[in-house]
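In the numbering used here, the protein residues as written are -18 to 305.
Ideal placement from N, C-alpha and C gives every residue a C-beta, glycine not left out.
Owing to the predicted nature of the structure, the values given are computational and were not obtained by experimental measurement.
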């Protein structure tokens, strides 16, 4: 979006979740995500480490600022997470992105962040799946039935030729609702499973989209050749994978620095001494620039661990604001 140099004070845009969904097509989202990761790998971004805190007995909050060289905007995303909200009518995760003019510092827009976050995360997983998953895939497993899970379904169907989808949530009602909504967007059969271990065992591509504080299943359950996108838990106290799965895998992350500072899935195995930092083979942006970094064998388990990057929010929000 062009900077405002006229000196005239403009009203702050308010962009809704519906506006975001209408603006971000899947093809555009893949394009934006690829650009964001590549620019980050080329050191063309200002992206301080994510800051977070947890209120005693309440929610966790984290703050993700970023600026991309060549853009006229700076974005700061504020996210709140409270897994206990799932028991009521409130969302477990909520986000807003504040967009500023990079020269004047004036606030330009407030962008509803829930759909944007889900879309850009699903686009990231699609890129990782294209690079890391085996070509011969049949079964997609999705653990979780929230906004991220819904966004990942069409993204994964684009990334690989999937013939069946297995979905798990502890809630039978949530599983049934997911299947019902999924049937409206795809003809691929979607099955609600009662066992999380069964989904982990039978999937060629597996999406973990929860805010769990404990591993979802035994890592030994995952069969050789599986690709895992672990994108839900992104706090030091949260984890979706156990140490066994992390240790068995070829591990790619969105950010090495953020992984060792914020991701329980990585921090806990590191603290246990089960892995070292060198177990993280690459960042996704590096892999996009040079796919030969990783030589994947047929029986390798690959994992993409992501907690979200400010640069993604900055690139996506800048594009969305430019359309209004």
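Residue i, enclosing alpha helix (DSSP H) - first and last residue
i, result
"residue 137", "128 to 140"
"residue 20", "7 to 22"
"residue 297", "291 to 303"
"residue 266", "265 to 270"
"residue 112", "95 to 113"
"residue 245", "245 to 253"
"residue 181", "177 to 183"
"residue 225", "224 to 229"
"residue 257", "From DSSP, residue 257 is part of no alpha helix (DSSP H); its letter is neither H nor E."
"residue 2", "-2 to 4"
Cβ-based neighbour list, residue i, same chain, cut-off 8 Å, excluding 5 preceding and 5 following
i, result
"residue 257", "251"
"residue 89", "-18, -15, -9, -7, -6, 54, 80, 81, 82, 302"
"residue -2", "93, 95, 96"
"residue 16", "296"
"residue 269", "15, 18, 19, 22, 108, 112"
Whether residue i touches residue j by CB criterion (9 Å)
i, j, result
"residue 84", "residue 300", "no"
"residue 213", "residue 184", "no"
"residue 292", "residue 261", "no"
"residue 255", "residue 224", "yes"
"residue 131", "residue 210", "no"
"residue 125", "residue 190", "yes"
"residue 289", "residue 101", "yes"
Option nearest residue i by Cα separation, candidates the options
i, options, result
"residue 76", "99, 66, 54", "99"
"residue 107", "47, 56, 18, 174", "18"
"residue 208", "229, -5, 66, 219", "229"
"residue 21", "238, 279, 278, 285", "238"
"residue 51", "26, 72, 169", "26"
"residue 62", "35, 46, 49", "35"
"residue 222", "197, 294, 32", "197"
"residue 33", "149, 73, 215, 114", "215"
"residue 339", "178, 145, 161, 140", "As displayed, the chain neither begins before -18 nor continues past 305, which places residue 339 out of reach and without an answer."
"residue 175", "155, 166, 168", "155"
"residue 46", "29, 39, 140", "29"
"residue 205", "144, 226, 195", "226"
Inter-residue spacing [alpha-carbon to alpha-carbon] between residue i and residue j
i, j, result
"residue 263", "residue -9", "43 Å"
"residue 147", "residue 119", "11 Å"
"residue 164", "residue 188", "18 Å"
"residue 296", "residue 49", "7 Å"
"residue 266", "residue 157", "36 Å"
"residue 246", "residue 220", "5 Å"
"residue 274", "residue 64", "37 Å"
"residue 202", "residue 282", "12 Å"
"residue 253", "residue 87", "46 Å"
"residue -4", "residue 304", "10 Å"
"residue 37", "residue 128", "26 Å"
"residue 166", "residue 138", "11 Å"
Cβ-based neighbour list, residue i, same chain, cut-off 7 Å, excluding 5 preceding and 5 following
i, result
"residue 1", "92, 93, 96, 97, 301"
"residue 248", "217, 241"
Segment limits, beta strand (DSSP E) that includes residue i
i, result
"residue 35", "32 to 35"
"residue 285", "282 to 286"
"residue 155", "Segment 153 to 163 is the alpha helix (DSSP H) holding residue 155; no beta strand (DSSP E) there."
"residue 307", "With the chain running from -18 to 305 in the structure shown, residue 307 is simply not present."
Cβ shell of residue i (< 6 Å), same chain only, five flanking positions each side left out
i, result
"residue 78", "56, 58, 92, 94, 294, 298"
"residue 121", "137, 143, 146, 186"
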